[in-house]
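> Before I ask anything, here is the structure I am working with.
Numbering (my numbering), first residue to last: 37 to 326.
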């Protein structure tokens, strides 16, 4: 619709309806100088009096209904990774049976500390036909270097089945992709002795309580140690398969089978001593932690 052709609809002829109006000059308006008003200059406005001050006479006592408790300074909040925790895990406490006789075995560890730093104690040993076999104990300081991984340094001491040996230890322990628990440690001992040990295990869950755990261990040594029946290179390999049922998360009986083998000069020492170079054991035991 063309409104311009409608008679009587010319708004521009109406007073005050022109499209452009002259700007208003406020400086010409008398009495509107705010700068002359007391306290209205930016640097003269005092806001401090609006803050704080004494409470009114009828203000309620903030501690009147606290039964004697008063508000104090709030303690600083600690992050969860600064808390200290501990655990004792008896991973394998088992009886063993093979054609060479019966025995017992123990693999246990304990730790205490924060997420970043922990003290670890480990023991791994066996007893066969009433005689203590090779047993390893370690005291290690664990420092987190990545999610699920820690750098471990400390001492290892071997006893049983020959003279004792003490080693300095450094290694890593953690959870690899696909949920493998992995340990790898290198050792340096007296007289220039060196050694290395790797271990890996994995949990296969048939149900939330019935779990099959394969594991493998391997030991390496840098030189012969005839007094302990250990040869250089790959010395021993152990592979096991254990099926456990977790009555509770902290208590699980299990049964399984373990294969052990000696290699290289270690196998020669075992043959000379009348021991088996290869051995298969049936095992039954308990896994407990607290």
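Yeah, the Cβ is synthetic: ideal placement off N, Cα and C, and Gly gets one too.
1. Helix, strand or coil for residue 278, going by three-state DSSP, please let me know.
2. So, under 8 angstroms CB-CB, residue 160 and residue 143 are touching, yes? Tell me the CB distance rounded to an integer number of Å.
3. Between residue 206 and residue 222, is the Cβ-Cβ spacing less than 8 angstroms?
4. Reducing DSSP to helix, strand and coil, say where residue 228 ends up.
5. If you compare alpha carbons, which of 251, 93, 227, 183 is closest to residue 274?
6. Less than 6 angstroms between C-beta atoms, sequence neighbours within five positions excluded: which residues of the same chain meet that for residue 84?
7. Does chain B have any CB closer than 8 angstroms to the CB of residue 192?
8. Can you check which of these residues, 253, 295, 306, is closest to residue 262 by C-alpha distance?
9. Within the same chain, show all residues whose beta-carbon is closer than 6 angstroms to that of residue 165, passing over the 5 residues directly before and after it, in chain order.
10. Report the three-state DSSP secondary structure of residue 148 (helix, strand or coil).
11. Pop quiz: residue 324 and residue 286 are said to be a contact at Cβ under 8 angstroms. What is the actual Cβ separation, rounded to whole angstroms?
12. Use the C-beta contact count for residue 120: other C-beta atoms within 10 angstroms, 16 or more gives buried, fewer gives exposed.
13. DSSP has residue 179 in a bridge; who is on the other side?
14. Does the Cβ of residue 239 have 16 or more other Cβ atoms within 10 Å, making it buried, or fewer, making it exposed?
15. In this structure, does DSSP put residue 44 in helix, strand or coil?
16. Exposed or buried, which one is residue 158 when buried takes at least 16 other CB atoms within 10 Å?
17. Measure the CB-CB distance between residue 226 and residue 260 and report whether it falls below 8 angstroms.
18. To which residues does DSSP link residue 263 through a beta bridge?
19. Assuming residue 111 contacts residue 150 under a Cβ cut-off of 8 angstroms, what Cβ separation, rounded to an integer in Å, is found between them?
20. Alpha carbon to alpha carbon, what distance is there between residue 122 and residue 104?
21. CA-CA distance, residue 183 and residue 219?
22. Does the separation of the CB atoms of residue 177 and residue 210 fall below 8 angstroms?
23. Could you compute how far the alpha carbon of residue 319 sits from the alpha carbon of residue 169?
Let me spell this out:
1. Correct three-state label for residue 278: strand.
2. The beta-carbon separation of residue 160 and residue 143, rounded to 5 angstroms, stays under the 8 angstroms limit for a contact.
3. Contact: yes.
4. In this structure, residue 228 counts as helix in the three-state DSSP scheme.
5. Proximity to residue 274 across 251, 93, 227, 183 peaks at 251, based on C-alpha coordinates.
6. Here residue 84 scores only 49 on pLDDT, less than 50, and its place in the model is too uncertain to base an answer on.
7. No chain B is present in this structure, which holds just one protein chain.
8. Residue 306 holds the alpha-carbon nearest to the alpha-carbon of residue 262 among 253, 295, 306.
9. If we look at residue 165 and ignore the five residues flanking it on each side, its Cβ neighbours are 137.
10. Here residue 148 sits in strand by DSSP.
11. Yes, they are in contact, since the Cβ atoms of residue 324 and residue 286 sit about 6 angstroms apart, within 8 angstroms.
12. Classification of residue 120: exposed, given that the 10 Å Cβ count is below 16.
13. Partner(s): 153, 187.
14. Taking all protein chains shown into account, residue 239 has fewer than 16 neighbouring C-beta atoms within 10 Å of its C-beta and is therefore exposed.
15. Confidence at residue 44 is low in this model, with a pLDDT of 49, below 50, so its placement is unreliable and no value can be given for it.
16. Classification of residue 158: buried, given that the 10 Å Cβ count is 16 or more.
17. It is not a contact, given that the beta carbons lie outside the stated cut-off.
18. Paired residues: none, contrary to the question.
19. About 19 angstroms separates the two Cβ atoms, so there is no contact after all.
20. If I take the Cα positions, the gap works out to 38 angstroms.
21. It is roughly 15 angstroms from the alpha-carbon of residue 183 to the alpha-carbon of residue 219.
22. Not a contact, by the Cβ cut-off of 8 angstroms.
23. One C-alpha to the other measures close to 17 angstroms.
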